[in-house]
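Here the sequence shown is numbered in this note's numbering, starting from 1117 and rising by one per residue.
Encoded as structure tokens, the structure appears first; notes follow it.
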Amino acid sequence: MARKRFLVRFQVSADSLTWLVVRDGDVLERYCRKRDAIGRAARLARADPPAALVVERMDGTVQASRRYGPGSSEEPGPRGADREPGSTV
């Protein structure tokens, strides 16, 4: 099986009243809840390594990022460890 050379970037970002799951610039899905969008994007990233997941806040700034695949820790740590204090996501 041929090995991928390029990192696939998945992104969760706000769009009006929904959260988008984006792969390399293409919108794949929309969700009402941010946590649902993050869960789906993480599953897609794990299934297609090497990949990166970038989670954005409502204002477009980066809230968190994760890498999946060889040489990366696929486990984000204790539940909520990658969240900011006071974050609801």
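For glycine and all other residues, C-beta sits at the position ideal for the given N, C-alpha and C.
- Message: Once the 5 residues before and after V1128 are set aside, which same chain residues still bring their CB inside 8 Å of it?
- Response: W1135, L1136, V1137, V1138, K1150, A1153, I1154, A1157, L1169, V1170, V1171 and E1172
- If we count the other Cβ atoms within 10 Å of its Cβ and call it buried at 16 or more, is A1161 buried or exposed? buried
- Can you give the beta carbon distance from A1167 to Y1147, rounded, assuming they're within the 8 Å contact cut? Not confirmed; about 19 Å, so no contact.
- Classify R1159 as buried or exposed, calling it buried when 16 or more other Cβ atoms lie within 10 Å of its own Cβ. exposed
- Item | Spatially closest choice to D1131 from P1186, V1143, V1124 and R1125, by CA coordinates | V1143
- In the DSSP assignment, find the unbroken alpha helix (DSSP H) run with D1152 in it and report its ends. K1150 to A1163
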